[in-house]
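S.K.:
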Amino acid sequence: MPPCGADRPPVRQAKRTQSTAPAAMRACWRAGWACPCSGPVEPKPDRFIEAVKEMIRNVTGRAPDTCPWRAFGEPVVADIINAHRWYDTGQVNLFLGNDPPAHLVAGLEMYVGALNATRADRMDRESEERRKATPRR
Ligand SMILES: [Zn+2]
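Note that our numbering has the sequence shown beginning at 4, numbered continuously upward.
#1: Would you list the one or two residues that DSSP bridges to residue 40?
#2: Along the chain, where does the alpha helix (DSSP H) that runs through residue 92 open and close?
#3: Measuring from the CB of residue 43, is there a heavy atom of ligand 1 at a distance below 8 Å?
#4: Could you give the DSSP three-state label for residue 29: helix, strand or coil?
#5: Could you check where the alpha helix (DSSP H) with residue 61 kicks off and where it finishes?
#6: Confirm the yes/no value for this check: CB of residue 46, any heavy atom of ligand 1, distance under 8 Å.
#7: According to DSSP, simplified to helix, strand and coil, what is residue 101?
#8: Check for me: the alpha helix (DSSP H) holding residue 71 runs from which residue to which?
#9: So for residue 133, helix, strand or coil by DSSP?
#10: Does the Cβ of residue 56 have 16 or more other Cβ atoms within 10 Å, making it buried, or fewer, making it exposed?
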């Protein structure tokens, strides 16, 4: 079950996204993310979730338009994440050939861009934390 509390796990659901959150909280997350994981839902904006979306938008340039866990169940997303492993090791051509599907190339570019932006943001924040923790002389 994804953290949002879907009744049916999406395809290729990762085990580590299992949630122990109370049902009321999961219902709140589903409404806040407009999560369709458990079927149609009446969207209800939530301040915390809107702040998370804004943070994602600031870092990656785009906020998720639905439940983030739902995306991992989309076969094309799974294909892109798998392709990224080959990209990381310089073996994309070996697995996808010299003329890979355009949607996979575009998705890979978007994923790599978002991943790099996220890593850079984390490094900036960690660097700032170290700077604050270091006593000044
Ligand atoms: Zn969901």
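Every residue gets a Cβ at the ideal spot worked out from N, C-alpha and C, and that includes glycine. What you are looking at is a predicted structure, and each value in this text was computed from that prediction instead of being measured.
M.R.: According to the structure shown:
#1: To locate residue 40, count along the sequence shown from 1; it is residue 37. 42, per the DSSP bridge assignment.
#2: For the purposes of this step, residue 92 is taken as residue 89 along the sequence shown, with counting starting at 1. Looking at the DSSP string, residue 92 is not in any alpha helix (DSSP H), and its letter there is neither H nor E.
#3: The sequence position of residue 43 within the sequence shown is 40, counting from 1. No, since every heavy atom of ligand 1 falls outside the 8 Å radius drawn around the Cβ of residue 43.
#4: Taking the sequence shown and counting its residues from 1, one reaches residue 29 at position 26. Three-state result, residue 29: helix.
#5: As a position in the sequence shown, residue 61 is number 58, starting the count at 1. 50-63 is the span of the alpha helix (DSSP H), which, as asked, contains residue 61.
#6: Position 43 of the sequence shown, counted from the start, is the residue given in the question as residue 46. No, the beta carbon of residue 46 sits no closer than 8 Å to any heavy atom of ligand 1.
#7: The residue given as residue 101 occupies position 98 in the sequence shown. In the structure shown, residue 101 sits in coil (DSSP, three-state: anything other than H, G, I, E or B).
#8: Locating residue 71 in the sequence shown gives position 68, where the first residue counts as 1. Residues 71-74.
#9: For the purposes of this step, residue 133 is taken as residue 130 along the sequence shown, with counting starting at 1. Residue 133: helix per DSSP, three-state reduction.
#10: Position 53 of the sequence shown holds residue 56. By the 10 Å Cβ count, residue 56 comes out buried.
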